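K.L.:
Residue numbers (the working numbering): -10 to 282. C-beta: ideal position from N, C-alpha, C; glycine also. Since the structure is predicted, the reported quantities are computational estimates derived from the model, not experimental observations. Sharing a structure here in structure tokens format.
This is the structure in structure tokens:
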């Protein structure tokens, strides 16, 4: 072979690989307890460390916390469990609760399990990759591990293939939902679609009631609906105190709350996210003000 032809042939081989990717696989599924699904490569990318907040630090969502933790524990133990939709106010701990419940399910005697040995693996899937769900489920169905598929900030602007794909998966199709798979999602919208879209379908449909039912039926396919609401001042204060105590911050409570309220005013809202961001800032300021020897 002419040496000048080698680079040209290598480029052809690379192009053919892109056009015909290798078969999808769960290779490496026993190396971690959390993954990101990469549909274009048909692979799971391990996440060695999941950034999560301990569930007992999530305030103002006691009932939601109990329900999701119980559901996750049932699933981890091999018992029946429901798909869950966490919807509502921004920054109130929806995604934090999912990640915290997963971490709790993988603890043994209060300690995290060895990576890859947890009872449940968490797989994050992006909203734009929902059409690849049937492929992913076909891989997971034959694996002995138990999996929670997690889609954060789920919503739809139009009835597209992604909407239909998720609806089909939640229904289970002819094969049914795999017993070793649950689907958790978070959204700021109760019915995953903007109200004006639902109303437009109602106004233009031959049967308005059937059109509206079709639009909201996706939410009905989640066995658990957990609502999250904007927090009051007392709840916000409780969040701040809990984070400050967990960090071991040395500051008088009156000053702590004065600073926390000022921070919330500048952000224009009160929520768990705002409380956490305030504590991050306060931790740095207090550390910077402390002389280091």
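Name the residue from 143, 157, 46 and 36 whose alpha carbon lies nearest to the alpha carbon of residue 115.
P.N.:
The shortest C-alpha separation from residue 115 is found at 143.
K.L.:
What ranges does the alpha helix (DSSP H) occupy inside the region 46 to 89, keeping only unbroken runs of at least 4 residues that lie completely in it?
P.N.:
Taking only runs of at least 4 residues, the alpha helix (DSSP H) segments lying wholly in the region 46 to 89 are 51 to 65.
K.L.:
Check the C-beta distance from residue 104 over to residue 37 and give it rounded, since I have them as a contact under 8 Å.
P.N.:
So it is a contact: roughly 7 Å between Cβ atoms.
K.L.:
Would you call the region 242 to 257 in contact with the region 265 to 277, where contact means no fewer than 3 C-beta pairs closer than 8 Å?
P.N.:
Flag = yes, the region 242 to 257 and the region 265 to 277 touch.
K.L.:
Just how far apart, CA to CA, sit residue 213 and residue 0?
P.N.:
Rounded to whole angstroms, residue 213 to residue 0 spans 51 Å at the Cα level.
K.L.:
Can you name, in chain order, every residue of its own chain whose Cβ lies under 8 Å from the Cβ of residue 217, other than the five neighbours on each side?
P.N.:
Closer than 8 Å at the Cβ level, and outside the excluded window around residue 217, lie 50, 53, 75, 76, 77, 78, 81, 82 and 83.
K.L.:
Go ahead and pull the three-state DSSP assignment for residue 175.
P.N.:
If DSSP states are grouped into helix, strand and coil, residue 175 belongs with the strands.
K.L.:
Use the C-beta contact count for residue 113: other C-beta atoms within 10 angstroms, 16 or more gives buried, fewer gives exposed.
P.N.:
Buried is the call here.
K.L.:
Give me the DSSP bridge partner(s) of residue 113.
P.N.:
DSSP, once it has assigned bridges, lists 25 and 139 as partnering residue 113.
K.L.:
Can we count residue 155 as close to the ligand MN, meaning its CB is less than 7 Å from some heavy atom?
P.N.:
With respect to small molecules bound, the structure shown includes none, and the ligand MN cannot be examined in it.
K.L.:
Is residue 171 near residue 28, with beta carbons less than 8 Å apart?
P.N.:
Against a cut-off of 8 Å, the Cβ pair of residue 28 and residue 171 comes out as no contact.
K.L.:
Which one or two residues does DSSP pair with residue 257 in a beta bridge?
P.N.:
According to DSSP, residue 257 bridges with nothing at all.
K.L.:
On the premise that residue 156 lies in contact with residue 215, defined as a C-beta separation below 8 Å, what is that separation, rounded to the nearest angstrom?
P.N.:
Not confirmed; about 20 Å, so no contact.
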